[in-house]
Amino acid sequence: MVNRLKFYMLALTTLVVCSAKADEGMWLLQLMQQQNSIDMMKKQGLKLEAIDLYNPNGVSLKDAVGIFGGGCTGEIISPEGLILTNHHCGYASIQQHSSVEHDYLTDGFWATSRDKELPTPGLKFTFIERIEDITDLVNQKIANKEITEAESFTSAFLNNLAKELLEKSDLKDKPGIVPQALPFYAGNKFYTFYKKVYPDVRMVAAPPSSVGKFGGETDNWMWPRHTGDFSMFRIYADANGEPAEYSESNIPLKTKKHLAISLKGLKEGDYAMIMGFPGSTSRYLTVSEVKERMNSTNEPRIRVRTARLNVLKEVMNASDKTRIQYANKYAGSSNYWKNSIGMNKAIIDNDVLGTKAAQEARFAAFAKEKNNADYMNVVKQIDDAVAITAPLNYQFTSLTEAFFTAIEFGSPFQIMEKLENAIEEKNDSAIDANIKILKEVYDAIHNKDYDHEVDRKVAKAIFPLYAEMIPAEQRPAFYNTIEKEYKGDYNKYIDALYDNSILSNQANFDKFIKKPTTKAIKNDLATQYSKAKYDKYLALVDNLKGESQKLASLHKIYIRGLGEMKLPVPSYPDANFTLRLTYGNVKPYSPKDGVFYKYYTTTDGILEKENPEDREFNVPAKLKELIQKKDFGRYAMADGTMPVCFLSTNDITGGNSGSPVLNENGELIGTAFDGNWESLSGDINFDNNLQRCINLDIRYVLFILEKLGGCGHLINEMTIVE
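For reference, each letter of the sequence shown is one residue, going -22 to -1, 1 to 700 in mature numbering (1 follows the signal peptide of the UniProt record, and there is no 0).
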């Protein structure tokens, strides 16, 4: 068993030597030597060695790249822990520090000195300290029947294994080390990542949203682009350079590696590589699974988010306070709302279903030729499982989007149940303990970024929509309450929920905790509502569990077979928010007949798009003046124009936001922040002709930093190559 698995993995990891093509691929740095991918990169123009990119025993470019927050990438651009990432990655932190009095979202923020840099509670930066191959260890546990194959995919097993491995590691006593074990190639390979997490990260610079979000949702996922999508933060550490919680005594981290910045510019065909943390792709789906993604995930997400966004847009336009409160929520909801719309369109426009069907046909012929029963049956078995999971996933997405994402208000029913038991048992200490937790929950719900009346309006849009989407017998139990006790009047039920529940307002809450009773808990609408939605959630999870485990095992067989078949696709595993490298070139594209997009944009386009009546296309007066006077300093191109964004053929997805774009010498030329509309099916199928990465030119970053922000002191920290 173990020897056979080793053979399969050899086929997977060496396939690239035979079948690599430019641009596509989210490569594991630790496999570059084994796969000879460094040779392919050199053919594209790279002038570095593999050890310069990833050195397991020393310092390399990977040590200047890390996870920003919980879902983006950032890079170190000075010896003193200065981070560059996207504006949309820093957006939650900018919003966190903003108020009507200090509206950093609108006005921007520029720290003129270190003592003006703002501590940002909850924000972390994570480096990858070490990567270890644990495939043989996991396979041995399967062979010894310590675990089943299905268990090898589970987070419970992998989390425990990671902890065990850390305890045996020389890193176990090092501050800030967090281990993570993950499957790759659908469980044909496993790695442990030892992460070093710094919890004191401070906000340094953020342009106004009229720069950092210029074009707004209209331009999101679109090209041509003119968005100055960047922000800067700084890592602070203790006196020894180790991770430490915020303290005034902390100092900027003396990083072991930072990126040099190139002002030499770029031209069509130039080498470009991106190192970062792509979040999730599904490149090995079957036809049935692609249809499931379209109909069971994307469609319900689009419908629910459309309803929520319509409400939020209206209330945000009416109030600056609400605009600031809901800015990050709106941006987060809108991003993958538009992504889902674009993905479904691109799947059809790019005939992804036809491509997948052709792949299945080739695989069927290969399986028959090999006379391999597992391979001959696996696609049919996947299709059979999907026939069961598709309607359940539709219910699951509809439920979670509606009642766990769109609507925020609710009640911690488990705490309420514990409190109810404590009251019945007359256990005063338990009563006090649970009331203390309830106070924390109340404060968490009614935080500075929550408006009860806004949430009520969202609920009034969502409740009837969900009823249109889901048959009565599949809805949570509170819909029965609406029918029986409120005669089907959603608004009447919602008003009662938002007005009369224990956690609805301070007066209700104070009255309850002054004299808590079991009757009040039993009659509490928010507790009933929250329990009903969680009951439905758990039932769906339970119904999906068996088929999901079956699909995981089937994918392991399918991907193993695809590797053996030597498809003309590089052998890289699907993205899973681990460190990857993608390489390609600066390149324009033609999305359709008669349309050709050049590979870069300039500030001329900012003035062409300007619309003072539209918040998305406002241009700050000072920036407009700088552009009109062509006051670009050393950052202009040879012809005197100022570059803003550029295109490359790199293979990225969500999570890569903020990733460094590097030239052939490993110097920073930009930061990745988006993909183009025509290729939004790229998470499922990479199209070499259409797939483009949208990057912010580093010269525009420095121009804004110096000329608009007056932050020459930050540029002085950097290593600039002219």
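A virtual CB, placed ideally from N, CA and C, is assigned to each residue, including glycine.
State the DSSP-derived secondary structure class of residue i, mapped to helix, strand or coil.
| i | result |
| --- | --- |
| T560 | strand |
| F664 | coil |
| M18 | helix |
| A183 | strand |
| S497 | One detail in the question is off: residue 497 reads as Lys in this sequence, not Ser. The answer is helix: DSSP assigns K497 an H, G or I state. |
| Y176 | strand |
| P99 | coil |
| R301 | helix |
| C689 | coil |
| T649 | strand |
| V357 | helix |
| Y420 | helix |
| D675 | strand |
| F624 | strand |
| F387 | coil |
| Y224 | coil |
| F131 | coil |
| T581 | coil |
| F456 | helix |
| E338 | helix |
| V(-21) | Here V(-21) scores only 35 on pLDDT, less than 50, and its place in the model is too uncertain to base an answer on. |
| Q74 | helix |
| V547 | Unreliable placement is indicated for V547, whose pLDDT of 49 sits below 50; no coordinate value is reported for it. |
With a CB to CB cut of under 6 Å and the five nearest residues on each side skipped, what residues in its chain are close to residue i?
| i | result |
| --- | --- |
| S508 | G388, S389, F391 |
| I45 | T104, F255 |
| A70 | N306 |
| K25 | E642, N643 |
| V265 | L331, K334, A335 |
| K435 | V289 |
Can you name the residues that DSSP bridges to residue i?
| i | result |
| --- | --- |
| A368 | A368 pairs with nothing; no bridge assigned. |
| C50 | F46 |
| E110 | T170 |
| V699 | S240 |
| K570 | V573 |
| M251 | Y561, L640 |
| residue 705 | Absent from the model: residue 705. The displayed extent of the chain is -22 to 700, so no value can be given. |
| L6 | R558 |
| R212 | L60, R180 |
| W88 | A183 |
| V156 | K173 |
| Y82 | DSSP lists no partner for Y82. |
| T126 | The partner list for T126 (beta bridge, DSSP) is empty, contrary to what the question assumes. |
| I440 | The partner list for I440 (beta bridge, DSSP) is empty, contrary to what the question assumes. |
| F105 | G44, K174 |
| I229 | A215 |
Identify, in the order they occur along the chain, each residue of the same chain with its Cβ nearer than 8 Å to the Cβ of residue i, setting aside the five sequence neighbours on each side.
| i | result |
| --- | --- |
| Q452 | Q373 |
| P469 | Per the sequence shown, residue 469 should be read as Asn rather than Pro. Cβ within range, chain order: K438. |
| E267 | S260, I360, V364 |
| M354 | A342, A345, K346 |
| Y224 | P97, P99, P177, D178, Y214 |
| P598 | P186, S188, V189, L686 |
Use the C-beta contact count for residue i: other C-beta atoms within 10 angstroms, 16 or more gives buried, fewer gives exposed.
| i | result |
| --- | --- |
| residue 746 | Outside the displayed range of the chain (-22 to 700) lies residue 746, so it cannot be described from this structure. |
| I423 | buried |
| I326 | exposed |
| N628 | buried |
| G47 | buried |
| N694 | exposed |
| Y(-15) | Bear in mind that a pLDDT of 42 at Y(-15), under 50, signals an unreliable position, so the model cannot answer this. |
| F382 | exposed |
| D410 | exposed |
| D178 | buried |
| A650 | buried |
| K514 | buried |
| E656 | buried |
| F456 | buried |
| K685 | buried |
Flag residue i as yes when its Cβ comes closer than 6 Å to any non-hydrogen atom of the ligand NAP, and as no otherwise.
| i | result |
| --- | --- |
| A517 | Ligands in the displayed structure: none, and consequently the ligand NAP is not present. |
So, at 7 Å on beta carbons, what are the nonlocal neighbours of residue i in its own chain, with the 5 sequence-adjacent residues on each side left out?
| i | result |
| --- | --- |
| F487 | Y420, I480, L481 |
| residue 705 | Past the edges of the chain, shown from -22 to 700, lies residue 705, and the structure says nothing about it. |
| I698 | I239, L241 |
Practice problem: Could you name each continuous alpha helix (DSSP H) segment of 4 residues or more that falls completely within the stretch 465 to 522, going from the start of the chain to the end? | Solution: 468 to 478, 484 to 492, 496 to 500
Practice problem: Write down every uninterrupted run of the beta strand (DSSP E) in the stretch 246 to 293 whose length is 3 residues or greater and which is fully enclosed by it, in chain order. | Solution: 249 to 254
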